[in-house]
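A.B. asks: Residue numbers (this note's numbering): 10 to 422. Pasting a structure below so you can have a look.
Rendered as structure tokens:
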């Protein structure tokens, strides 16, 4: 049946002909003089109407000249809670869900000129006063020579809520980082104060204990029984050991605060320099030093040298009881990463306790058998971690040990 002209939204052309939009908003309606058959028109109309009626986005059809609404689909009616009658025949900027009339008039003028307009985020207000966020896209089409605007309205409230929640979380995390940084800075200041206290307040009494014990031995040693002299020597050894512990603890604490001074490093030169400083541990011994290929790297030369000194010192120390010590030094590439190593044929250790190797003051051997404070490998780990790498050890009891470390991949060369 033909539509009632009074209820059929339409555009009127300059020659007086009406273009129906009530049944098919975008597809052109033809008059009786056009050649397309009624059946073709009905089929085309039905297809578009189904899309229009079932779309999961809101759709508005406007007269491009006046901005008047000539059609609206059910989804938008449901989304905003306004009746169809509240839409039809009104200019888009007059609709209740648009709050900024002047801005929308300007946008409408831009749309008419360019044929396209888009709001990434447009606040709408529903009939019950709720605020929602929509994505609003408008395009201009020609229908029978007349310009028609189709506005697609997508509800993005859930997405906006998620974005806002993510933004709040980001701000909260930033705040936590700021607070955590402040806490770390405060802790560093406390550590600095502790370091000062250790270096000044504790060293003086230790020097007094060691010094006066030595004075007693020198002045009255001949008058003391053997047991008394042994006890004084024990006091001196204890004071000296405490001094070394304090020195190592201070060195360890400073590693976390000193800035890295990265530069290209010749690892071979670094190893040779470290071995030169350890000559006293090599004197009078038969040691087979095997220096293989060593990849260059980038890092803080002073700190990386300390890594090699500590690892090589361990290897020399724990091979001391071998008639023929073997210490191998080199690097291999694994999955594109250079892995540096120091391997020896010394005492080794039980791998079940390997997790204790890098703890401060942790030892796997008796102090009576091998000297040291148990800080050397902890220092190695801290330096390697500061260079973005990792360090690990493996061994077999009485068959030697090997320590490996990597540096941050992008600073290797």
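All C-beta atoms in this analysis are idealised placements derived from N, C-alpha and C, irrespective of residue type, glycine included.
Residue 303 and residue 343 - do their beta-carbons sit closer together than 9 Å?
C.D. replies: no
A.B. asks: Is residue 72 helix, strand or coil when you go by DSSP?
C.D. replies: strand
A.B. asks: Quick check: residue 296 and residue 336, are their CB atoms within less than 9 Å of each other?
C.D. replies: yes
A.B. asks: Is the number of C-beta pairs between the segment 344-363 and the segment 401-411 that are closer than 8 Å three or more?
C.D. replies: Flag = yes, the segment 344-363 and the segment 401-411 touch.
A.B. asks: Pop quiz: residue 320 and residue 389 are said to be a contact at Cβ under 8 Å. What is the actual Cβ separation, rounded to whole angstroms?
C.D. replies: 6 Å
A.B. asks: Quick check on residue 9: buried or exposed, where buried means 16 or more other Cβ atoms within 10 Å of its Cβ?
C.D. replies: Within the shown structure, residues of the chain are numbered from 10 to 422, placing residue 9 beyond reach of any answer.
A.B. asks: Is any non-hydrogen atom of the ligand PLP found closer than 8 Å to the C-beta of residue 407, if you look at the structure I gave you?
C.D. replies: Absence of the ligand PLP is noted for the structure shown, with no ligands found whatsoever.
A.B. asks: Thinking residue 101 and residue 93 are a contact (beta carbons under 8 Å), I'd like their distance in whole angstroms, please.
C.D. replies: Between residue 93 and residue 101 the Cβ distance is about 15 Å, and since that is not below 8 Å, they are no contact.
A.B. asks: Select from 222, 187 and 61 the residue whose C-alpha is nearest the C-alpha of residue 247.
C.D. replies: That would be 222, whose Cα lies nearest to the Cα of residue 247.
A.B. asks: Cα separation between residue 278 and residue 260?
C.D. replies: 24 Å
A.B. asks: Across the segment 150-157 and the segment 125-136, are there enough close Cβ pairs to call them in contact, namely three or more that are closer than 8 Å?
C.D. replies: Short answer: they don't touch.
A.B. asks: Would you call the segment 164-184 and the segment 193-204 in contact, with 3 or more CB pairs under 8 Å?
C.D. replies: no
A.B. asks: Quick check on the DSSP output: the beta strand (DSSP E) that includes residue 272 runs from which residue to which?
C.D. replies: 272-274
A.B. asks: Can you tell which of 312, 262, 359 and 305 has the C-alpha that lies nearest to the C-alpha of residue 203?
C.D. replies: That would be 262, whose Cα lies nearest to the Cα of residue 203.
A.B. asks: Which value, in whole angstroms, describes the spacing of the CA atoms of residue 404 and residue 290?
C.D. replies: 22 Å
A.B. asks: Give the straight-line distance between the Cα atoms of residue 243 and residue 209, rounded to the nearest whole angstrom.
C.D. replies: The straight-line gap separating the alpha-carbon atoms of residue 243 and residue 209 is approximately 24 Å.
A.B. asks: Taking DSSP as the reference, what is the three-state secondary structure of residue 161?
C.D. replies: strand
A.B. asks: Do you know offhand how far residue 308's Cα is from residue 345's?
C.D. replies: The straight-line gap from Cα to Cα measures roughly 18 Å.
A.B. asks: As a quick exercise: from 333, 57 and 299, pick the residue whose alpha carbon is nearest that of residue 340.
C.D. replies: 299
A.B. asks: Whole angstroms is fine: what's the gap from residue 38's alpha carbon to residue 98's?
C.D. replies: Low confidence applies to residue 38: its pLDDT is 42, below 50, so where it sits in the model is not reliable, and the reading given next is rough at best. Their backbone Cα atoms lie some 20 Å apart in a straight line.
A.B. asks: If residue 77 and residue 71 are in contact, beta carbons under 8 Å, what's the gap, nearest whole angstrom?
C.D. replies: 6 Å
A.B. asks: Going straight from the alpha carbon of residue 288 to that of residue 180, what length do you get?
C.D. replies: 56 Å
A.B. asks: Just grab the DSSP bridge partners of residue 140 for me.
C.D. replies: Partner(s): 134.
A.B. asks: To which residues of the same chain is residue 286 closer than 7 Å at the C-beta, ignoring the five residues directly before and after it?
C.D. replies: 318
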